[in-house]
Structure formats: C-alpha cells, structure tokens
Amino acid sequence: MSTRSKTLLVTPLFCLMLLSPAFAEAQYPNALGVQVGRIAGFGISYQRWEEGFGYQLATGLNYHSWVAEGDDRFVYNLGFEIQRPLVSHDISSWLSGTLYLFAGIHHRGYEEALGSESTGYTVGPYTAEFGAGAGVGVEAILFDHFAFGTEFVIFGMYTPREDRFAVNMLPQLSLRYRF
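Now the structure itself:
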C-alpha cells in the first residue's frame, strides 16, 4: 500500500475521531461546583455531558438587610449554557481535557446601594439585566473527578430600565467535582 493510500485512509479516520471524541466525562457525566462568569453565572454550578453535547446551570444569591458602600442589598443571577465538545484527550492516567464551544443566556437582578457614607445609603430601584453570548472553553480534569474550566465569551447585556445595551468579552472560570 502506498503512502498516499495510507494517508487517504487515515485522514478520514482522524477527522471522525475529532468529530466524535471519546470523552473523559463519559464515565462521570455529572459535575457540581462553583462558576464565575458573566454569561455562565456566579455561584453554584451543575454541569452534565450527554452524547455529543453538554449543558450547565449556575445560580447565586446575595442579600444584606443593611445597605452600605459596595454592598448591594439584593443580587441574584441565573445562567444557562449549551456546550458542544470539539476535541477530548486522555493525556495521562490522571489528566484529561476537552475543548468545546458554548452558547448561553443570563439573567441578573439587583438593588444597589445609593448615597455616601456622610449622608447615608438608601436602596436603589430594582434593576434587571438580560444577556446572551457564545465562546470557546477548555476543561482540564484531574484524577477523573476534579474539573477546572476556563471559557472566553463574547456577550451582549441589555438593561431595560436604562435602555442600555453593551457588548463585551470576558473570561469565565469553574471548579467542579465530577461524579
């Protein structure tokens, strides 16, 4: 068999492997941990990998009965992402990784502190924000269970009360335990 024939045979197999990777997450498809991100959300995070796609949900809540500088009285957020793995590799017996694309939506509501220390603080009006974005992520998994994710997202956020729309780019981070 010629080198060209071998190349023609191996190339489609290699492409098939890239499109249908054997995921490290297949053994432990669920993950629970923390997430920090503008689209993904801030707080507790649940992630699940299915055949060919994954999803995650993150939510958080802060409430302070007092109002002080730097402390919003009330903040909550909810983020949801759909994830599509591109490549997954077992690098060694204790390290694996996945490169994936994702798209997500986000909602946040808050009541911020208004005023100053000399005049005192009051609770501002309720403000809602809605966002959507997409990007690329990398998840490193240590010892089949400890997952560290880094994502880069381009997103848009809309604040109806102020009729404001902004587009930004930011990283997102996660730390989860797979089970």
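Residues in the sequence shown are numbered from 0 upward in steps of one, following numbering that gives the first Met the number 0.
Glycine residues also receive a C-beta, built at the ideal position from the N, C-alpha and C atoms.
Note that the structure is a prediction, hence the values are computed from the model and not measured.
Cβ neighbours of residue i in the same chain (closer than 7 Å, five flanking residues each side left out)
| i | result |
| --- | --- |
| ARG47 | PRO28, ASN29, GLY53, TYR54 |
| LEU113 | TYR120, THR121, GLY123 |
| ASP70 | HIS63, ALA112 |
| ALA21 | With a pLDDT of 47 at ALA21, under the threshold of 50, the predicted position of this residue should be treated as unreliable, though the coordinate-derived value follows. If we look at ALA21 and ignore the five residues flanking it on each side, its Cβ neighbours are SER87. |
| THR58 | GLY40, GLY42, ILE43, ASN76, LEU77 |
Residue i burial status per 10 Å Cβ neighbour count (16 or more: buried)
| i | result |
| --- | --- |
| VAL152 | buried |
| ASN76 | buried |
| TYR176 | exposed |
| ARG72 | buried |
| ARG107 | buried |
| SER173 | buried |
| HIS105 | buried |
| GLU50 | exposed |
| PHE41 | buried |
| GLY155 | exposed |
| GLN171 | buried |
| PHE34 | Note that residue 34 is Gln in the sequence shown, not Phe. Buried is the call here. |
Assumed close pair residue i, residue j - CB separation to whole angstroms, cut-off 8 Å
| i | j | result |
| --- | --- | --- |
| ILE140 | GLY96 | 7 Å |
| TYR109 | ALA67 | Contact flag wrong, Cβ pair sits at about 15 Å. |
| GLU150 | GLY36 | 7 Å |
| ALA39 | GLY78 | 5 Å |
| GLU128 | TYR157 | 7 Å |
Residues bridged to residue i (per DSSP)
| i | result |
| --- | --- |
| ALA184 | Shown here, the chain extends from 0 to 178; a query on residue 184 therefore has no answer. |
| ILE38 | In DSSP, ILE38 forms no bridge with anything. |
| VAL74 | ASN61, TYR109 |
| VAL137 | LEU98, THR149 |
| SER87 | THR97 |
Close-in-space but distant-in-sequence residues of the same chain around residue i (CB under 6 Å, 5 per side omitted)
| i | result |
| --- | --- |
| GLN82 | GLY53, TYR99, PHE101 |
| THR126 | TYR109, ARG160 |
| PHE190 | Nothing can be reported for residue 190: it is not among the residues displayed for the chain, which extend from 0 to 178. |
| MET168 | ILE153 |
| LEU60 | TYR75 |
8 Å CB neighbourhood of residue i in its chain, flanking five on each side removed
| i | result |
| --- | --- |
| TYR178 | It should be pointed out that residue 178 corresponds to Phe in this sequence rather than to Tyr. Excluding sequence neighbours, PHE178 sits near TYR27, ASN29, ALA30, LEU31, HIS144. |
| THR118 | none |
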